[in-house]
Amino acid sequence: MHIDKLYFSTFIYKMSCLEFTYSLIQSNEKKVELSEEEQAEIEWIINSALHRKLYASRKKSLFSSKIKLSKESYSMYLRMKKYEHMIDL
Numbered sequence: 001m002h003i004d005k006l007y008f009s010t011f012i013y014k015m016s017c018l019e020f021t022y023s024l025i026q027s028n029e030k031k032v033e034l035s036e037e038e039q040a041e042i043e044w045i046i047n048s049a050l051h052r053k054l055y056a057s058r059k060k061s062l063f064s065s066k067i068k069l070s071k072e073s074y075s076m077y078l079r080m081k082k083y084e085h086m087i088d089l
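Residues 1 to 89 (the UniProt record's numbering) are what the sequence shown spells out, left to right.
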C-alpha cells in the first residue's frame with residue numbers, strides 16, 4: 001500500500017495527539033460517546049504507542065512522494081484511522 005508522504009506525516013502527528021484527546025473525552029471536556037470496545041482499543045493504541053511503530057515501519061523512497069507500507073503496517077494504519085475523526089488540531 002502506498003500513501004502520500006505529506007498525508008502520512010500529518011496522520012502520524014494527529015495520532016500522537018490521541019492520548020490528549022482521549023483524556024479530554026474521559027474528563028467530559030469533549031463530548032464523544034464511546035463503547036467499551038472502542039475505549040479498550042483506544043487505550044491499547046495509546047499504551048502500545050502504535051503511531052511510533054507505524055512511523056518506524058515505513059519504507060520511503062528517496063525521490064518518491066509516496067511511502068510504502070507493509071501488510072502489517074497497513075493494518076495498524078487502518079486500526080488507527082477509525083479514530084482520526086476524534087482528534088481536533
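Ideal Cβ positions, reconstructed from N, Cα and C, are used throughout, including at glycine.
Q: Would you kindly work out how many angstroms separate the C-alpha atoms of Leu6 and Lys68, rounded to a whole number?
A: 13 Å
Q | Rounded C-alpha distance that separates Glu43 from Glu29 | A | 18 Å
Q: Out of Ser48, Glu72, Glu37, Ala49, state which residue places its alpha-carbon closest to the alpha-carbon of Lys59.
A: Glu72
Q) In terms of residue numbering, what span does the beta strand (DSSP E) encompassing Ile67 cover? A) 66–68
Q) CB-CB under 6 Å to Leu24, same chain, minus the five flanking residues each way: which ones, in chain order? A) Lys30
Q.
With DSSP as the reference, identify every bridge partner of Lys59, one or two as the case may be.
A. Lys68
Q.
Could you pull the DSSP bridge partners for His2 from this structure?
A. Lys68
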